[in-house]
Every structure is written in C-alpha cells, then in structure tokens.
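Some notes on the structure that comes next.
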C-alpha cells in the first residue's frame, strides 16, 4: 500500500510520535499549519471514520481527547478537524484528525468562512433531511 500514514506507522517514514495506544497514534504534522499541529490516526488503514470498528473509533477519539489538552496549552484554542472523504477535502485517504493550535491572528476563520454562503432550506427540505439523518 502506498499510504504515507501507513508508512509512518510501520516506521518506514520517521515521525515525531507523541503518544501511541492499542489502535491509534499521534504525532507532529510534518507540514504544520501552525506551531504544534498534531495528527491523530488509527494504526489500521481506514479511509473513512465509518469504516472503523467501534473499538478503533473509541480508541482514536480517546487519544484525541488526551492530546487536545496538550495542544490547547500552546495558544489556548485548538481547531479539531476531520476531512471524511475526498470531496470533504481529505488529501490522504487514511482517517486522520487534525489538532491545530489557533489564535486570533492566524488568518484562519470559523468553519463558515470555508464556504461561499450558507444554505437556506424550506421546512419540508429540513424535515426530509431530518428523516434521512435521524438514527433509528
């Protein structure tokens, strides 16, 4: 497999590992957006979160929870971001959670600044989406 994250996990590519658990690992991003940008990834290759087992998912987000407290010490605020699939902006098709220290002067904005505009939905469109997304 030609996955950069799988190569990091196998040791083929060196990385600055911060913490390792049974199913996940965290390390410094090699191309940080800000100082202290951390990635948290599952050890097993999965393209999307929903492809992971409940155990792997729980382990991954437990490590995110542990790491975000450390990352937050850098600036006091941390962006937690996941691009779940290519069309969502995922550049490497291996689940990864970005922990990016944020400050008011970092030139990035809120999530709504990523999009040209907000979507206005009718009541019937909202109800249809609600029915599709509601967990039974």
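Numbering (our numbering), first residue to last: 149 to 284. Glycine residues also receive a C-beta, built at the ideal position from the N, C-alpha and C atoms.
With 16 other Cβ atoms within 10 Å as the buried cut-off, status of residue i
i	result
residue 111	In this structure the chain extends from 149 to 284, so residue 111 is not present and cannot be described.
residue 215	buried
residue 156	buried
residue 208	buried
residue 201	exposed
residue 153	buried
residue 204	buried
residue 251	exposed
residue 175	buried
Counterpart residues of residue i in DSSP-defined beta bridges
i	result
residue 226	249
residue 186	176, 247
Extent of the continuous alpha helix (DSSP H) to which residue i belongs
i	result
residue 277	271-281
Host beta strand (DSSP E) of residue i (start-end)
i	result
residue 258	It is not in any beta strand (DSSP E) - residue 258 carries neither H nor E in the DSSP assignment.
residue 241	It is not in any beta strand (DSSP E) - residue 241 carries neither H nor E in the DSSP assignment.
residue 290	Residue 290 falls outside the range modelled here, since the chain spans only 149 to 284, and no answer is possible.
- Task: Could you name each continuous alpha helix (DSSP H) segment of 4 residues or more that falls completely within the segment 149-181, going from the start of the chain to the end?
- Result: Restricted to the segment 149-181, the alpha helix (DSSP H) segments that are unbroken, complete and at least 4 residues in length are 152-158, listed in chain order.
- Report yes or no: do three or more beta-carbon pairs, one from the segment 183-190 and one from the segment 243-250, lie closer than 8 Å? With the rule of 3 Cβ pairs closer than 8 Å, the segment 183-190 counts as touching the segment 243-250.
- Query: For the 8 Å Cβ check, are there 3 or more pairs between the segment 191-200 and the segment 249-257?
  - Reply: Taking 8 Å as the limit for Cβ pairs, the verdict is that the segment 249-257 does not touch the segment 191-200.
- Message: With a threshold of 8 Å, are at least 3 pairs of Cβ atoms found where one atom belongs to the segment 173-187 and the other to the segment 212-229?
- Response: Taking one beta carbon from each stretch, the segment 173-187 and the segment 212-229 have 3 or more pairs nearer than 8 Å; the two touch.
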